[in-house]
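Below: the structure, in C-alpha cells.
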Amino acid sequence: MQQLKDVTDKALQKARSGPSVTDLAHQNNQELAALGEQIGRQKALNEARKKAEREAKKAEETYQAALLAQEEAQRQQAEVERELKEARAHEAAAKAKAEADRVAAEKEEAERLKAEEAQKALFAKVGIQGTPVYTQEMVKAVSVLMLKPGVILLNRAPGMIQMAAVAVRAPAALPGVASAVITATAEFSGWISSALWRGVVGVAGAATATTAGAMVAAASTIFFSPRAGGGNDSKVPGRDIEIMAAQARLFTAGKLIIDPGMKSVDLPVRGFITMEMDGRQSLKLVKTGTGGISATVPVLSGVRDKASGLDKIMVPAVDGAPSLSILINPVPFGPAAPSHTGNSTPVPVTPVHTGTEVKQADSIVTTSLPVADVPPLQDFIYWQPDATGNRR
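Dropping the structure here:
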C-alpha cells in the first residue's frame with residue numbers, strides 16, 4: 001500500500017510541477033493565434049503579390065502601349081518628313097523645270113525674233129511684202145481688177161506649179177469671162193517639177209546643132225490641152241495658158257545658186273509656151289548662150305497696190321513683145337497658207353481654172369529648133385515667201 005501511495009504521490013508531484021491544463025490551453029490558444037497571424041500575413045502577402053503582379057502587368061501593358069504609340073508617332077513623323085522631302089524635291093524639280101522652260105521660251109522667242117528680223121530684212125531685200133489686212137472695199141477692188149479681160153493672175157503659192165489662163169482681151173467678146181489660175185497640188189507639182197528638171201538637164205547638156213541656119217537645142221516637156229468633156233471652162237475662146245510659174249532652181253540644171261539681192265540671173269535654159277500643130281499648147285525649153293538666145297533673166301519685185309492689196313509685177317518689154325502686167329494675190333495659198341488666221345475678215349480669192357489638162361511629154365527628147373521659131377522671151381524670176389523662208 002505504501003508503495004502505491006508513493007507512486008501516486010510522485011505522479012501528483014510531477015503533475016503539479018508541469019504546465020496546467022489552463023496553461024496548455026492558453027499556450028494552444030497563443031499558438032493558434034500566432035498561426036492565424038502567420039496565415040493572415042501569408043494571405044496578405046499573397047494578395048500583395050497578386051496586386052503587385054497586376055499592377056506590374058498593367059504597367060507593362062501601359063509601357064508597351066506607350067512604346068507602340070511612340071513607334072507609331074516616329075513612323076508618322078518619318079512619313080511626314082518623307083512626304084515633306086518629296087514635296088520639296090518636287091517643288092525644286094518644278095522650279096527647275098519652270099526655270100528651264102522660261103530660259104527655253106526666252107531663247108525660242110529670241111530666236112523667233114531674230115529669224116523674224118532676218119526674214120524681214122530678206123523680204124525687204126527681195127521686195128516681198130506681207131499679206132495685208134483686207135477690208136470689204138479692198139476685196140471689191142480686187143474683184144474688179146481680176147475680172148478685167150486680158151489680166152494675168154498668179155497666187156502666192158511658193159513651191160507649187162501655177163499656170164495662168166488668160167481670158168480674151170476684147171471685153172465685148174465674152175462678157176463675164178475672167179482669167180483664172182491652175183495651182184497644182186503638192187503631188188502634181190512634184191510630178192511636173194520632175195519633168196521640168198529632166199528636160200532642163202537634157203537641154204543644158206545638149207550639143208549645139210550645126211545644120212544650115214541658126215539652130216538651138218530645145219525640148220517640149222509639158223503639154224496643155226482642153227479637158228475632154230470639160231464643159232464651158234474648157235471651151236473659152238482665147239483663154240490659153242500664157243504663164244507657167246515654177247521654182248527657178250529647176251531651170252538652173254544644178255549649175256548655179258540664185259541668191260537674194262540678185263537683179264538678174266544667167267540661166268542655162270529658158271522656156272516659152274507655144275502652140276503646137278495639133279492645137280495643143282506646150283512648154284518648150286531652149287538652151288541659152290547659142291543662136292543669140294540670151295541667158296540673162298531679170299529678177300523682178302512686186303509693187304503693192306494700196307487700193308486692192310494686190311502685188312503688181314511689170315515685165316519689161318522686149319523686141320517684138322510689149323510689157324506685161326501680172327497681178328499676184330498675196331493671200332497665201334496651198335501648204336504655206338495658215339489653216340486659220342483668227343481673222344474673220346474676207347480675203348480675195350483668185351478664180352480657179354479647171355478646163356485644161358496638163359500632161360508630160362511621152363518622152364523628153366532634145367532636138368534642134370530654128371532660132372527664128374523662138375519668140376521674144378519674157379520669162380522672169382520673182383521671190384515668194386513660205387512658212388519656212390522664201391521661194392523663187
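Reading the sequence shown from the start, the letters are residues 1 to 392 in the UniProt record's numbering.
We treat Cβ as the ideally placed atom computed from N, Cα and C, and that holds for glycine.
Chain-order list of residues whose beta-carbon lies under 6 Å from that of residue i (same chain, five-residue window excluded)
i: A157; result: T183, F333, G334
i: P298; result: S264, F380
i: V347; result: Y134, V331
i: G127; result: S301
i: W197; result: L250
i: G230; result: Because the pLDDT at G230 is just 49, under 50, the model does not fix this residue reliably, and the value given afterwards should be weighed accordingly. Contacts found: G355.
i: A33; result: none
i: T131; result: P330, V331
i: S220; result: S282, K284, A361
i: K255; result: P268
Neighbourhood of residue i by C-beta, 7 Å cutoff - its chain only, sequence neighbours within 5 removed
i: L145; result: V151, S308, L310, L327
i: E86; result: none
i: P385; result: F123, I128, P158
i: L276; result: Looking at the sequence provided, one finds Glu at residue 276 rather than Leu. Around E276: S282.
Other residues of its chain near residue i: CB distance less than 8 Å, five sequence neighbours each side excluded
i: A295; result: D266, L267, P268, R270, T288, G289
i: residue 393; result: The question about residue 393 has no answer, for the chain in this structure spans 1 to 392.
i: M262; result: V299
i: K125; result: P260, G261
Helix, strand or coil at residue i [DSSP, three-state]
i: M275; result: strand
i: M314; result: strand
i: F224; result: strand
i: M215; result: strand
i: residue 393; result: Outside the displayed span of the chain (1 to 392) sits residue 393, for which this structure offers no information.
i: I293; result: coil
i: Q76; result: helix
i: I381; result: strand
i: T356; result: strand
i: V200; result: helix
i: Q136; result: helix
i: V365; result: coil
i: D6; result: helix
i: R280; result: coil
i: T183; result: strand
i: V126; result: helix
i: D240; result: strand
i: L154; result: strand
i: residue 393; result: This structure does not reach residue 393, given that the chain is present from 1 up to 392, and the question cannot be answered.
i: Q247; result: coil
i: G231; result: Note on G231: pLDDT 48, under 50, position unreliable in the model; no value is reported.
i: S194; result: helix
i: S264; result: strand
i: V371; result: helix
i: I326; result: strand
i: A165; result: strand
i: V299; result: strand
i: V269; result: strand
i: V144; result: helix
i: V103; result: helix
i: A321; result: strand
Expected contact under 8 Å - CB spacing of residue i and residue j to nearest Å
i: I241; j: I192; result: Wrong, their Cβ atoms sit about 13 Å apart, outside the cutoff.
i: V181; j: P316; result: Not quite, the Cβ-Cβ distance comes to about 23 Å (not below 8 Å), so this is no contact.
Under 7 Å between C-beta atoms of residue i and residue j
i: M314; j: L283; result: no
i: P226; j: L122; result: no
i: V201; j: G291; result: no
i: L285; j: G199; result: yes
i: A195; j: Q360; result: yes
i: F188; j: T356; result: no
i: A204; j: A141; result: no
i: L161; j: A94; result: With the sequence shown as reference, residue 161 is identified as Ile, and Leu is not the correct amino acid for it. No; because the gap between Cβ atoms is not below 7 Å, this pair is not in contact.
i: R304; j: Q129; result: yes
i: A206; j: T354; result: no
i: A248; j: I258; result: yes
i: I273; j: Q281; result: yes
Any non-hydrogen atom of the ligand FAD within 6 Å of residue i CB
i: S368; result: In the structure shown, the ligand FAD is absent, as is every other ligand, since no ligand is present at all.
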